[in-house]
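*Asks:* The structure's right below; bear with me while I get my questions together.
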Amino acid sequence: MTLDLLHEIESNKFLIILMEEREYLLKLDEIIKSVEKTRTKICYVCLSKPVKDVTEDLKNKGFRISDFFFIDVLTSHYQEPEMRSNCIFVRSPHNLASIRVAIKKAVDEKKCSVILFDTISTLLIYQQTHTVVDFTHHLVSEDAKENIKKLFIMLKHDTVPAEESERLAKDLGMFADKTISME
Amino acid sequence: MLNMAKKKILVVDDEASLRELVSAILEQEGYDVTTAEDGEECFRKLKNMKPDLVLLDMMMPGMSGREVCEKIRKDPKTKDLKVAFLTVAKFSESGKGVLSDMKVLDYITKPFDNDDLIKRVKKIIG
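Just so you know, the sequences run in chain order C and Z. The first sequence lines up with residues 1 to 183 when you count with our numbering. The second sequence lines up with residues 1001 to 1126 when you count with our numbering.
Right under this line is the structure:
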């Protein structure tokens, strides 16, 4: 059966999207195309690539950058970022509270109604599994009454040990509206 | 109540204040409460006791509540233990399916009402 991603995004508020690392770039495009069809402002949380690379990729693939607001969790960790009007730079991926504050700003001030986490499994490099589960759960609970969609991309075999990715997927799956495996 | 008749409950939660609170509430109701701060301590305690109920926190460092429950179900010595979850999180419909597969009898959302906790525990073990 063909996966209707747009339908899944529209009918679920907390979605986990699992994929193999080798399929990542291809599947990411599919996800972004589907998210764009929702015609809403998208908050793109850059956890695995700096915003500079993400925006270049999006531009090259023909996506409208004006549809996105970015939260970059990586750049400030390594260098002083070049400020952008469409991005909040979080100082470190260790600082989960700051990521939460940035997301709240993206929702309240920039009116984003879809939050895309690319990729949540990357946080396992910096945090323990239960901390990532706790962080994710708080994010999902914070505006549970509003119609904010949260999509968590997760690689089955990320740079962290596969068993940690699997644990994260299983524990988050207890709270997610749906877990989709993109084969 | 005579000590022999007391029902045993093992409370597993990484938060010390929560363990103390749950213990105090349930001991006052006449239960014999033992605590563990994580999955490892839970299994050490289970070697020497057979509780009537295991109250498991869902989000813990090390093994999560889900993993502890799965391990309990895999061991022939513990597979039939009654388990309920303590959780700050609201389980999704698919999550409730997983709870059902793991034969989890109930889940109590934190923060909980004391009377509600007692009522739910009584419903499971009397």
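All C-beta atoms, glycine included, are put in the ideal place defined by N, C-alpha and C.
Counting pairs of Cβ atoms below 8 Å between the region 144-152 of chain C and the region 106-116 of chain C, do you hit three or more?
*Replies:* Output reads yes: the region 106-116 of chain C touches the region 144-152 of chain C.
*Asks:* To the nearest angstrom, how far is it from the Cα of L168 of chain C to the Cα of K111 of chain C?
*Replies:* Rounded to the nearest angstrom, the two C-alpha atoms are 29 Å apart.
*Asks:* Grab me the residues of L1099 of chain Z's own chain with a C-beta within less than 8 Å of its C-beta, minus the 5 sequence neighbours each way, in chain order.
*Replies:* For L1099 of chain Z, where only same-chain residues beyond five positions count, the Cβ hits under 8 Å are F1085, F1091, Y1107.
*Asks:* When DSSP labels each residue in this structure, what does L1002 of chain Z get in the three-state scheme?
*Replies:* Caution applies to L1002 of chain Z, whose pLDDT of 47 falls short of 50 and renders its modelled position unreliable; the value that the coordinates give is listed next. Three-state DSSP puts L1002 of chain Z in coil, outside helix and strand.
*Asks:* What ranges does the beta strand (DSSP E) occupy inside the region 1024-1062 of chain Z, keeping only unbroken runs of at least 3 residues that lie completely in it?
*Replies:* If we require 3 residues or more, the beta strand (DSSP E) runs fully inside the region 1024-1062 of chain Z come out as 1032-1036, 1053-1057.
*Asks:* Here's a check: name, in chain order, each residue in its chain whose Cβ is nearer than 7 Å to the Cβ of S48 of chain C, leaving out the five neighbours to either side.
*Replies:* D118, T119, T122.
*Asks:* Rounded to whole angstroms, what's the CA-CA distance from G1097 of chain Z to F70 of chain C? Just pull it up for me.
*Replies:* Cα-Cα distance, rounded: 35 Å.
*Asks:* To the nearest angstrom, how far is it from the Cα of A106 of chain C to the Cα of C43 of chain C?
*Replies:* If I take the Cα positions, the gap works out to 7 Å.
*Asks:* Using a C-beta cutoff of 7 Å, does V1011 of chain Z count as contacting chain C?
*Replies:* False, the Cβ-Cβ gap to chain C never drops below 7 Å.
*Asks:* Could you spell out the range, first to last residue, of the beta strand (DSSP E) harbouring A176 of chain C?
*Replies:* It is not in any beta strand (DSSP E) - A176 of chain C carries neither H nor E in the DSSP assignment.
*Asks:* Output, in chain order, the set of chain Z residues within a Cβ distance shorter than 8 Å of Q128 of chain C.
*Replies:* Chain Z residues near Q128 of chain C: P1061.
*Asks:* Using 7 Å as the limit for Cβ to Cβ distance, is D171 of chain C near chain Z?
*Replies:* So, interface residue.
*Asks:* For the putative contact between V1104 of chain Z and L1053 of chain Z, defined by C-beta atoms under 8 Å, what is the C-beta separation to the nearest angstrom?
*Replies:* About 11 Å; that fails the 8 Å criterion.
*Asks:* So what's A162 of chain C in DSSP terms, helix, strand or just coil?
*Replies:* Helix.
*Asks:* Within 10 angstroms of its Cβ, does P161 of chain C collect 16 or more other Cβ (buried), or is it exposed?
*Replies:* Exposed: under 16 other Cβ atoms inside 10 Å.
*Asks:* Grouping DSSP H, G and I as helix and E and B as strand, with all else coil, what is S113 of chain C?
*Replies:* Looking at S113 of chain C - three-state DSSP - the assignment turns out to be coil, as it is neither helix nor strand.
*Asks:* Is A97 of chain C helix, strand or coil when you go by DSSP?
*Replies:* Helix, per DSSP.
*Asks:* For Q128 of chain C and P1061 of chain Z, I'd like the C-alpha separation in whole angstroms.
*Replies:* Between Q128 of chain C and P1061 of chain Z, the C-alpha separation is close to 8 Å.
*Asks:* Under 9 Å Cβ-Cβ, which residues of chain Z neighbour A176 of chain C?
*Replies:* Residues of chain Z passing the Cβ test: S1092, S1094, G1095.
*Asks:* Leaving out the 5 sequence neighbours to the left and right, which residues in its chain are closer than 6 Å to S92 of chain C when beta-carbon positions are compared?
*Replies:* Excluding positions up to five away in sequence, the list reads H77.
*Asks:* Please list, in chain order, all residues of the same chain as F63 of chain C whose beta carbon is under 7 Å from its beta carbon, the five residues on each side excluded.
*Replies:* The residues are I32, E36.
*Asks:* Quick one: is D118 of chain C near chain Z, going by C-beta distance under 7 Å?
*Replies:* D118 of chain C does not count as touching chain Z.
*Asks:* Name the chain C residues whose beta carbon is nearer than 9 Å to that of V1098 of chain Z?
*Replies:* Near V1098 of chain Z (Cβ distances below 9 Å), the residues of chain C are K170, G173, M174.
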